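As they're listed, the protein sequences go chains X and F.
With this note's numbering applied, the first sequence corresponds to residues 1 to 111, in that order.
With this note's numbering applied, the second sequence corresponds to residues 1 to 114, in that order.
Report on one structure; see the data block that follows.
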Amino acid sequence: GIQVEQSPPDLILQEGANSTLRCNFSDSVNNLQWFHQNPWGQLINLFYIPSGTKQNGRLSATTVATERYSLLYISSSQTTDSGVYFCAVEHYEDNFNKFYFGSGTKLNVKP
Amino acid sequence: KAGVTQTPRYLIKTRGQQVTLSCSPISGHRSVSWYQQTPGQGLQFLFEYFSETQRNKGNFPGRFSGRQFSNSRSEMNVSTLELGDSALYLCASSLAGQNGNTIYFGEGSWLTVV
């Protein structure tokens, strides 16, 4: 399989602060996505970003596939940003494309 | 456009029973994949179905099975339930499969095994 590691595991921010979440993976991947899971369990797709940089409002993401990492930037954080952020990669093995998730970064934004 | 719909949302079963969970993908999406989320193991990929065929599978025992119908709706079944099967089961759909496509998740089915 492939190892997907996210850091930090927990993050507490004051509203308005910026943060960077990291996702490292141990092998080349076909696909990388970032998700936000709200307190009710719903996973919302944030970015599909196998390489390069994308921005969506206060969020942006960068994946450097050759160095096997991806970064998620949150600027001017809001309390609604709280939840767990997962990165997921797709890895080809045993004639299958399999999806692997990191263990997540739990973000708590305080007012 | 309606999102991914999972039913039931919550259920409680006893050890040894079996359970069937249902997932209706976004209209036009042909790929449906299933995931198990537990506090200890995190999010784990179960299997993916595309055009009624299992295309990908994770590392789960044969007690976990699934199928997909011609309208792309999918069901997963867990037989001989164990306490450790208590989890949030998530379904996701995409247009043409996980490879190179954005996947969209349903709200999940919370299964408790007692």
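C-beta atoms are modelled at their ideal positions from N, C-alpha and C, and glycine is treated no differently.
All of these numbers come straight from a predicted model, not from anything done at the bench.
- The closest CA to that of G83 of chain X, considering only X:G104, X:D27 and X:G16, is found on X:G104.
- Non-local C-beta neighbours of I44 of chain X in its own chain, meaning closer than 6 Å and more than five positions away in sequence, comprise H36, ordered along the chain.
- Residues of chain F with a Cβ closer than 8 Å to the Cβ of N56 of chain X do not exist; the shortest Cβ-Cβ separation is about 13 Å.
- E5 of chain X is positioned such that its CB atom lies no closer than 8 Å to that of K110 of chain X.
- Distance check between Q33 of chain X and each of X:N24, X:N95, X:F96 and X:L11 places X:N24 closest, using alpha-carbon atoms only.
- In the DSSP assignment, A61 of chain X forms a beta bridge with X:K54 and X:L72.
- Three or more beta-carbon pairs separated by less than 8 Å are not found between the stretch 14-29 of chain F and the stretch 46-66 of chain X, which leaves the two stretches without contact.
- At a cut-off of 8 Å, the C-beta of F105 of chain F has a neighbouring C-beta in chain X.
- With contacts defined by Cβ atoms closer than 8 Å, F45 of chain F and Q54 of chain F do not form a contacting pair.
- By the beta-carbon neighbour count (other beta carbons within 10 angstroms, threshold 16), N97 of chain X is buried.
- By a beta-carbon distance limit of 8 Å, G1 of chain X contacts Y100 of chain X. Their separation comes to about 7 Å.
- At a cut-off of 8 Å, the C-beta of L32 of chain X has no neighbouring C-beta in chain F.
- Annotated as proximal: L90 of chain F and Q37 of chain F, with beta-carbon spacing under 8 Å.
- For the pair L95 of chain F and L43 of chain F, the Cα-to-Cα distance works out to about 22 Å.
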